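Reviewing the structure listed below.
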DNA sequence: ATTCTGACA
DNA sequence: TGTCAGGA
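In the numbering used here, the protein residues as written are 22 to 156.
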């Protein structure tokens with residue numbers, strides 16, 4: 022259960038997330054407006070993304086590339102629960118941690134992701150999914 | 001140096 | 001979506 026906290030802990034600013042996902046800041050902010058992601062905020066109103074946020078963004082990116090629009094993605098990506106979101110609350114501890122571990126922890130995580138091959142979690146009937154495609 | 005919101009030649 | 005302005 023402790024891993025869940027680490028996973029939902031807000032760590033990196035948009036700049037790093039951009040490199041991680043190859044998405045532009047514009048896109049990332051746009052997806053947030055459509056509630057596809059709900060990154061935490063610092064006292065200075067800066068976005069802080071968790072590993073889960075990054076994963077969701079990668080899923081979003083994948084779907085966008087396949088031509089799925091926002092409406093379709095909202096059906097695929099489970100809506101953000103209000104309860105488990107409290108882990109993204111920012112306190113002085115995470116604030117300090119963020120400054121220290123940003124790249125090192127990230128690389129550690131990415132390596133784990135590389136060997137933890139996971140099957141495309143997307144599971145929707147093609148017919149139903151096609152309803153959300155742009156063309 | 002970075003990021004944020006709003007707006008559109 | 002890109003990009004620029006103007007502020008934090």
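Glycine is no exception: its CB is placed at the ideal position from the N, C-alpha and C atoms.
Since we're looking at a predicted model, the values are computed, not measured.
- One thing to note: residue 39 has its Cβ no nearer than 8 Å to the Cβ of residue 71.
- Inter-residue distance for residue 35 and residue 152 is about 32 Å (C-alpha atoms, whole angstroms).
- A Cβ-Cβ distance of about 13 Å is found for the pair residue 99 and residue 81, leaving them out of contact under the 8 Å criterion.
- No Cβ-Cβ contact shorter than 8 Å links residue 154 with residue 65.
- Pairing residue 44 with residue 51, the inter-Cα distance amounts to about 11 Å.
- Between the C-alpha atoms of residue 129 and residue 25 there is a straight-line separation of about 16 Å.
- Between residue 60 and residue 68, the C-beta spacing is below 8 Å.
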